[in-house]
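So the protein lines, in turn, are chains A and B.
Just so you know, we're using the numbering used here here: the first sequence kicks off at 1 and counts up by one.
Just so you know, we're using the numbering used here here: the second sequence kicks off at 336 and counts up by one.
The beta-carbon is built from N, C-alpha and C at its ideal position, and this holds for glycine as well.
Structure first, commentary second.
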Amino acid sequence: MAAFIVRRALWALLVIWAVSLITFSLSHIVPADPAAFAAGLGATKSQIESIREEMGLNRPLVVQYVDYASGIARLDLGDSIRTRHSVMDDVRKFLPATLELIVVSFLIYLLLSCLFGLLAALNPRSAIDLLVRITVISGSAIPVFWLAIVLQLVFYSQLGWLPIGGRIGVHDSPPPSVTGFYTIDSLLDGDLGLFKTVAVHLILPVTTIVLSLLAVGTRLVRATVLEELQKPYVRVAASKGLSERRVLFVHVVRNTLNPIITVTSIQLAYLFAWTILVEAVFSWPGIGLYAYNSFQAVDYNPIMALAILLSVAFVLINLVTDILYPLIDPRIKRS
Amino acid sequence: MTAAEQSAPALNTPAVSKRSRSAIGSLRKRPMLVVSGLLAIVLLIAAVFPSLFSDQPTTGLFMRQALESPSWHHPFGTDEAGRDVFSRVIHGIRYSLGMALAIVAIGAVVGTLFGAVSGIAGGRVDELMMRVVDIFLAFPTFVLAMAVAAAAGRGMKSVVIALSIIWWPSYARMIRGMVLGIKENVWVESARSVGATTPRIIFRHILPFTSSQLNVRVTVDIGYALVAVTSLSFIGLGAQKPTPEWGLLIADGRQYVTSAWWYPIFPGIAIYVSTLIFSLLGDAIAERSSSVHR
């Protein structure tokens with residue numbers, strides 16, 4: 001077990017190193033002349049030269065890379081030209097909003113995909129099974145940013161039920177920061193009115209993310225449960241006289257957890273990309289909107305930094321999943 | 336040569352009539368394959384000859400008809416410059432679908448070659464090549480694509496480069512897995528024993544057997560690539576104004592979400608329908624090839 005963890009951890013380090021190589025070549029080699037780019041249009045030759053000196057671009061590439069990599073190791077990811085803050089400060093500022101969006105979406109997604117998947121598996125060829133299969137086919141074909149716009153159009157423009165975007169209304173002030181999650185902070189502050197505002201603002205972005213993930217999750221739960229139900233142990237458990245509910249929730253569900261965790265951790269990768277699109281549409285003031293604004297302003301440092309940070313986060317999540325497997329499913333320990 | 340040409344029609348006549356009869360039969364037997372296949376062909380024709388489907392101008396200023404709601408004359412309404420949205424969506428096919436096709440083609444070719452070489456080589460080389468693939472599959476690739484597209488500068492070329500870089504590894508892994516199985520067959524052994532070169536073995540004796548699965552994968556992937564391409568264009572990394580690329584159309588139309596719903600909606604429906612067509616076609620091809628093998 002220890003050897004396994006060490007091996008996975010070394011692999012995670014290797015992946016992060018590869019990511020740093022890629023972002024380094026993207027920021028130092030791919031742009032024809034980073035110095036000329038940083039100097040902007042209409043800069044004179046001597047200006048570009050002094051910027052090159054200042055940025056250390058006339059040193060050998062290896063030296064530049066070592067400098068770059070040690071910066072990453074110290075979590076020094078450079079400054080944003082647009083916000084004039086260090087990228088890490090910006091990330092710290094915008095991270096809670098994104099985390100709140102992701103955590104709420106993910107909890108609802110897990111709950112709903114298990115619910116719909118189970119219902120579809122237990123009632124094959126019923127209306128709900130058909131519905132699940134139709135959403136599965138169409139779900140992956142809908143671009144997530146467009147789905148977000150459609151929801152805005154229906155629930156804001158046409159019906160006027162929900163706000164068009166943002167975390168709170170223009171005239172609301174955020175709750176005193178404890179966790180950074182407005183839902184929790186507003187409750188801690190005892191401000192139920194604000195909690196309601198926060199929850200209402202969460203509905204559309206969360207719905208977008210849940211709908212875009214739901215197809216895959218539901219199909220997976222449905223397929224896994226159907227497969228498990230065929231296995232001998234289910235018949236044994238049933239013939240022992242255990243109730244259907246006990247067989248299902250104690251025996252079957254436990255065995256379906258593993259594939260669900262695998263696929264879910266892969267879906268996190270999509271989630272990172274989709275939060276950028278979803279936050280951009282709903283002006284959700286998180287990391288995604290920060291990235292989107294950086295794209296618009298051609299501000300490279302935050303983009304490269306986010307590519308690294310998201311990769312590290314993803315690799316760490318996978319590492320944790322790998323370690324969790326044997327705890328959830330003892331059969332894996334032997335192999 | 337001339338003899339062959341003369342005899343060809345005579346030989347072909349019965350074959351053609353047989354084929355046309357089987358086409359009607361296959362429509363009845365596999366409606367999904369025929370319908371989605373035809374729709375895909377229509378899309379490709381519209382990509383090459385958009386003016387066949389719409390004769391309205393896609394550029395220029397027609398301010399007196401700006402943001403008109405859908406009508407007989409403008410089925411998808413008009414945009415902020417009074418241009419016909421239907422016409423712009425039709426002319427956008429070649430950009431959006433074109434990029435998607437390019438990405439899948441590059442990804443499939445590079446991935447197939449990489450996977451085939453890795454599978455044939457075996458041992459240390461295989462191990463090393465697959466580790467490279469694993470690294471690519473081990474982090475959020477779409478975020479990487481955004482970074483690549485940003486660094487390479489805005490434009491459709493950057494989008495194609497960025498997405499091709501993240502697209503090939505999954506093909507490499509799939510093909511390598513299939514090659515490992517196929518290369519154990521007798522005919523590969525016999526080809527090698529009569530002195531066939533490795534490239535010849537790869538191209539003549541191994542890769543043909545991967546084609547049915549590869550076809551399915553490529554077809555379905557065109558739809559996914561389309562969504563990826565339009566996503567990058569939506570955040571401003573891909574096509575630039577006034578190109579009528581679908582992602583860009585939605586980004587422009589988003590500003591009128593409260594006043595002109597048709598502007599962001601129809602390009603999105605175009606993405607959705609196209610993706611659906613290719614994903615249904617892929618399913619239908621998979622179904623057909625699995626029943627043929629049986």
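Secondary structure of SER406(B) (DSSP, three-state): coil. Taking a Cβ-Cβ cut-off of 8 Å, the neighbours of VAL150(A) in chain B comprise ILE600, GLY603, given in sequence order.
Secondary structure note for LEU374(B): its alpha helix (DSSP H) is the uninterrupted segment 366-383. Of the other Cβ atoms in all chains shown, 16 or more fall within 10 Å of the Cβ of PHE474(B); this residue is therefore buried. When secondary structure is reduced to three states using DSSP, THR554(B) falls in the helix class.
Per DSSP, the beta-bridge partners of SER86(A) are ASP79(A). For PRO405(B), the closest Cβ of chain A is not nearer than 7 Å. Here LEU271(A) is actually not in contact with ILE184(A); their C-beta atoms are around 21 Å apart, not less than 8 Å.
Here ASN123(A) is exposed, its C-beta having fewer than 16 other C-beta atoms within 10 Å. In this structure, DSSP gives THR264(A) a helical state, which the three-state scheme calls helix.
Among the bridge pairs identified by DSSP, ASP419(B) is matched with THR413(B).
Against chain B, the beta carbon of THR23(A) has neighbours under 8 Å at ALA482, listed in chain order. Per DSSP, THR394(B) lies in no alpha helix (DSSP H) segment and is marked neither H nor E. Taking 7 Å as the cut-off, the Cβ atoms of PRO176(A) and SER186(A) do not count as close. Nearest Cα to GLY78(A) within the set LEU112(A), ASN318(A), LEU306(A): LEU306(A). Taking the Cβ atoms as the reference, PHE314(A) lies roughly 6 Å from LEU268(A), within the contact range of under 8 Å. Residues GLY117, LEU118, ALA121, VAL252, THR256 of the same chain have their beta carbon placed closer than 7 Å to that of VAL225(A), with the five preceding and five following residues left out of the count. Note on TYR233(A): under 16 other CB atoms within 10 angstroms of its CB, so exposed under the neighbour-count rule.
Annotation: Cβ neighbours of GLN296(A) in chain B (cutoff 9 Å, chain order): ILE570, GLY571. Secondary structure of ASP322(A) (DSSP, three-state): helix. Among the CB atoms of chain A, none fall inside 7 Å of the CB of PRO385(B). Between the beta-carbon of ALA621(B) and that of VAL551(B) there is about 4 Å, and that keeps the pair under the 8 Å contact cut. When CB distances to chain B are screened at a threshold of 8 Å, the residues of the region 296-318 of chain A falling below it are GLN296, VAL298, TYR300, ILE303, MET304, LEU306, ALA307, LEU310, SER311, PHE314, VAL315, ASN318, in chain order.
Listed in chain order, the positions of the region 568-597 of chain B with a beta carbon within less than 7 Å of a beta carbon of chain A are PHE569, ILE570, GLY571, LEU572, ILE585, ARG589, VAL592, THR593, TRP596. About 5 Å separates the Cβ atoms of ILE612(B) and SER371(B), confirming a contact at the 8 Å cut-off. Between the beta-carbon of HIS426(B) and that of PRO577(B) there is about 11 Å, and that puts the pair past the 8 Å contact cut. Proximity of LEU472(B) to chain A, defined by a Cβ-Cβ separation below 7 Å, is not satisfied. Here MET464(B) carries a helix assignment [DSSP, helix/strand/coil]. DSSP, read as helix, strand or coil, puts ARG489(B) in coil. Neighbours of PRO232(A) across chain B, judged by C-beta separation under 8 Å, do not exist; the nearest C-beta is about 27 Å away. Using a Cβ-Cβ cut-off of 7 Å, PHE272(A) counts as an interface residue toward chain B, since at least one Cβ of chain B sits closer than that to its own. Within the region 541-623 of chain B, the runs of alpha helix (DSSP H) that reach at least 4 residues and sit entirely inside it are, in chain order, 546-569, 581-588. Here the alpha carbons of VAL236(A) and SER113(A) stand approximately 27 Å from one another. Against chain A, a Cβ distance below 7 Å from TYR607(B) picks out ALA141, ILE142.
In this chain, the alpha helix (DSSP H) harbouring PRO205(A) covers 192-229.
Under the Cβ criterion (8 Å, minimum of three pairs), the region 320-331 of chain A counts as touching the region 258-266 of chain A.
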